[in-house]
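With mature numbering (1 follows the signal peptide of the UniProt record, and there is no 0) as the guide, the letters of the sequence shown map in order to residues -27 to -1, 1 to 194.
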Amino acid sequence: MYCLLRPRHISGALAILASAVALPVQAATEETQAWITESLTIAATRTDTVTLDLSQRFRRDSSNGEQQTARILLDHRIAKGLQVGGGIAFFHSGPEQELRLFQQVTATRGIFNARTRLEQRFFDTTDEASWRLRQRVQAAIPLGSARGPALITAAEFFVHLNRARPGDRTGLAVMRHQIGLRQPLGKSLDAQLLYMRQQTFREGRPDAVVHVPWLTLNWKI
């Protein structure tokens, strides 16, 4: 989804890489999941893109079982390297359903990409919306030509702004680190394979750590 440009500040890219691999000490509970995402990006106009994606998340029963997601997003470019957008998403699992609205600002410069997203999450198990702020920073470092593979590193932080459920934690609640490769497979198709480590901070209980191999296929038309 993001343009792969040659590094302008390689030291900055290495800093993000260090953040992605400098993980906190061992947490008390850990599990492994597997995620697959299929994404379609449509250039609707010269300044507008529409993204549709579906995901399948294979999880343990103790983590609410397998989950399917569907999302639609509209981004509008307001200046070079700057987009504003928003969308709607639906998350389905056995114990719980979620409808999510979100708004975001995305800034791109060279190999770097930063996204700030505000979410309103509506669960069928709660009476009020859960508000969450997400901040992600990513670097895409070409490993050769622009049409060759790229090293992807990213860090993302989730901040809960309210308590929709008694067990919710306000403030920094989730932290993700990602590292992997993106490989073009054709003029309009690329594949991305990442390892993601997600740590959830929980009040009164040990943190939960999830290890996720994550495969994404992205078509652009």
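Positions of the beta carbon are idealized from the N, C-alpha and C atoms, including for glycine.
The structure presented is a predicted model; accordingly, all values stated were derived computationally and were not measured.
- Pairing Arg94 with Ser103 gives a Cβ-Cβ distance under 9 Å.
- With 16 or more other CB atoms across the displayed protein chains lying within 10 angstroms of its CB, Ser12 is buried.
- Counting along the chain, Leu27 sits inside the beta strand (DSSP E) bounded by residues 21 to 31.
- Counting only the Cα atoms, Ala87 lies some 23 Å from Thr18.
- Burial is judged here by how many other beta carbons sit within 10 angstroms of a residue's own beta carbon; Leu55 has fewer than 16 and is exposed.
- DSSP, read as helix, strand or coil, puts Ser12 in strand.
- Ala113 is the residue among Val182, Ala113, Ile194 whose C-alpha sits nearest the C-alpha of Thr81.
- Around the beta carbon of Phe31, fewer than 16 other beta carbons lie within 10 angstroms, which makes this residue exposed.
- DSSP, read as helix, strand or coil, puts Asp100 in coil.
- Here DSSP, grouped into helix, strand and coil, assigns Ser35 to helix.
- By the CB criterion at 9 Å, Trp192 and Trp8 fall outside the cutoff.
- Boundaries cannot be given for Gln6, as no beta strand (DSSP E) includes it and DSSP labels it neither H nor E.
- Listed as beta-bridge partners of Lys193 by DSSP are Thr14.
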